[in-house]
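All letters in the sequence shown, in the order written, are residues 8 to 173 by the working numbering. Below is one structure; the comments refer to it alone.
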Amino acid sequence: MATTDQTPAAPADKPADKATAKAPPKSARRRSRELALQGLYEWLLNRTDAGVVEAHLRDAQGFNKADKAHFDALLHGAIREEATLTACVQPFLDRPVTELSPVERAALLVGAYELTHCIDIPYRVVINEAVELTKTFGGMDGYKYVNGVLDKVAAQLRATEIAGRR
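So this is what it looks like as structure tokens:
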């Protein structure tokens, strides 16, 4: 009996395994957050002018599918208000903000900006999106840290919304 390196095809009546299943398409807001995080990462490392950062991102794959207004608000708002947003998260950090990875720091800036200015987005969505960004672009357990910090920031900034859910 001959052996092959190929595995048999899955029967037609069974779903494909999770590794080969196609991921659902990303929402325009998710894309805008991803691009804003990438821009903030570049800005945090180089302190490049926000316009230059934005120009780089406009050439990125998938930019045409992003929510451009939300992207602009996140990128430019987080850069403009970096000191205020950092002061908002600093009390909940266990180390100086400069010691955070740039991905965690950018995710916290995006999350803090949305918690502060995007009241139409539920706080749980804001936190979940920041966690997903950190899972995608960050280190192994950075998402847990971002989750914990933003949960505390949300309790401070969105206390009424959180109380209404209980």
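The beta-carbon is built from N, C-alpha and C at its ideal position, and this holds for glycine as well.
- Rounded to the nearest whole angstrom, the C-alpha separation of Trp50 and Asp56 is 8 angstroms.
- Membership of Gln97 in any alpha helix (DSSP H) is not indicated, and neither H nor E is assigned to it by DSSP.
- The criterion of a C-beta distance shorter than 9 angstroms is satisfied by Tyr48 and Ala113.
- The stretch 105-167 contains no complete beta strand (DSSP E) run of 3 or more residues.
- With three or more CB-CB distances shorter than 8 angstroms, the stretch 116-129 counts as touching the stretch 79-88.
- In this structure, Gly145 lies near Val153, with their beta-carbon atoms less than 9 angstroms apart.
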